[in-house]
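Chemist: So the sequence shown is residues 44 to 193, counted in the numbering used here.
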Amino acid sequence: MDHIDRELLDRLQQDATQSYAALGQAVGLSAGAAHERVRKLRERGVIRRTTAEVDPVAAGGAVLAYVMVDSTSWMGDSAQDFAALPEILEAHVIAGSASVLVKVRTATTEQLQDVLRRVYAIDGVSGTQATVVLETFFERQLSPLAADPG
Numbered sequence: 044m045d046h047i048d049r050e051l052l053d054r055l056q057q058d059a060t061q062s063y064a065a066l067g068q069a070v071g072l073s074a075g076a077a078h079e080r081v082r083k084l085r086e087r088g089v090i091r092r093t094t095a096e097v098d099p100v101a102a103g104g105a106v107l108a109y110v111m112v113d114s115t116s117w118m119g120d121s122a123q124d125f126a127a128l129p130e131i132l133e134a135h136v137i138a139g140s141a142s143v144l145v146k147v148r149t150a151t152t153e154q155l156q157d158v159l160r161r162v163y164a165i166d167g168v169s170g171t172q173a174t175v176v177l178e179t180f181f182e183r184q185l186s187p188l189a190a191d192p193g
């Protein structure tokens, strides 16, 4: 990936609905050349998908929590169990005192409590430690420009 690919990625993360003409103009390429580069980024798996960014609070997900999941056994094979809970937005096998870290969004703390009950019911889970977010300062996408060595 060169600096032009990184700039294209940065611009697409800001607004994926831009035309290839606008993208190309921004990075000094023709629309066709910009389209070709984006196509190659998709083929290589750098761009996994194109999606809309939804405000979770406006969509009914006012409660955000990060949950450390303790276990009695290896949880690396439990991805489908966590994925089956739609309130879990992310799940990561981690090193440290817990086995899995999950990001949960619900409308209420009562719904969060229900999710914790369902997580606790997953085979091998021995406990949970939830941290409820009070305020989010910022969230950001991966910055392809920050990774540019040149």
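Glycine included, C-beta positions come from ideal geometry on N, C-alpha and C.
Whose C-beta lies closer than 8 Å to the C-beta of F125 among residues of the same chain, with five residues either side of it excluded?
Modeler: Start at 1 with the first residue of the sequence shown, and residue 125 comes out as number 82. I131, A134, V143, V145, V162, I165, listed in sequence order.
Chemist: Give the DSSP-derived three-state secondary structure of T152 in the structure shown.
Modeler: Along the sequence shown, one-based indexing puts residue 152 at 109. T152 falls in the helix class under three-state DSSP.
Chemist: What are the partner residues of V106, as DSSP defines its beta bridges?
Modeler: Start at 1 with the first residue of the sequence shown, and residue 106 comes out as number 63. Answer is T149, bridged to V106.
Chemist: Output the distance between the C-alpha atoms of R92 and A74, rounded to the nearest integer angstrom.
Modeler: For the purposes of this step, residue 92 is taken as the residue at position 49 of the sequence shown. For the purposes of this step, residue 74 is taken as the residue at position 31 of the sequence shown. Between R92 and A74, the C-alpha separation is close to 20 Å.
Chemist: Would DSSP call G75 helix, strand or coil?
Modeler: Start at 1 with the first residue of the sequence shown, and residue 75 comes out as number 32. Helix, per DSSP.
Chemist: Pairs of beta-carbons, one from the region 104 to 121 and one from the region 66 to 86, closer than 8 Å: are there three or more?
Modeler: No, the region 104 to 121 does not touch the region 66 to 86.
Chemist: Enumerate in chain order the residues of its own chain whose CB-to-CB distance from V70 is below 8 Å, with the five nearest sequence positions on each side excluded.
Modeler: Position 27 of the sequence shown, counted from the start, is the residue given in the question as residue 70. Once the five neighbours on either side are set aside, the close Cβ partners of V70 are I47, E50, L51, R54, A77.
Chemist: Considering only the beta carbon of each residue, do A105 and T151 sit closer than 9 Å?
Modeler: Start at 1 with the first residue of the sequence shown, and residue 105 comes out as number 62. Start at 1 with the first residue of the sequence shown, and residue 151 comes out as number 108. Yes, these two residues count as a Cβ contact at 9 Å.
Chemist: Among all the DSSP beta bridges, which residues are the ones paired with V175?
Modeler: Here residue 175 refers to the residue found at position 132 when the sequence shown is read from its first residue. Partner(s): A108.
Chemist: How far does the alpha helix (DSSP H) with I47 in it reach, from first residue to last?
Modeler: Taking the sequence shown and counting its residues from 1, one reaches residue 47 at position 4. It spans 46 to 57 - the alpha helix (DSSP H) in which I47 sits, taken as one unbroken run.
Chemist: Give the DSSP-derived three-state secondary structure of G170 in the structure shown.
Modeler: Looking up residue 170 in the sequence shown gives position 127. Looking at G170 - three-state DSSP - the assignment turns out to be strand.
Chemist: If I'm right that A138 touches Q172 with Cβ under 8 Å, what's the distance once you round it to whole angstroms?
Modeler: In the sequence shown, counting from the first residue as 1, residue 138 sits at position 95. In the sequence shown, counting from the first residue as 1, residue 172 sits at position 129. Actually they are not in contact, since the Cβ atoms of A138 and Q172 sit about 16 Å apart, beyond 8 Å.
Chemist: Per DSSP, what kind of secondary structure is A69 in: helix, strand or coil?
Modeler: Against the sequence shown, residue 69 aligns to sequence position 26. In the structure shown, A69 sits in a helix (DSSP, three-state: H, G or I).
Chemist: Drop a sphere of 10 angstroms on the beta-carbon of L66, count the other beta-carbons inside from all chains shown, and report buried for 16 or more, exposed for fewer.
Modeler: Along the sequence shown, read from residue 1 onward, the residue named residue 66 stands at position 23. Under this definition L66 is a buried residue.
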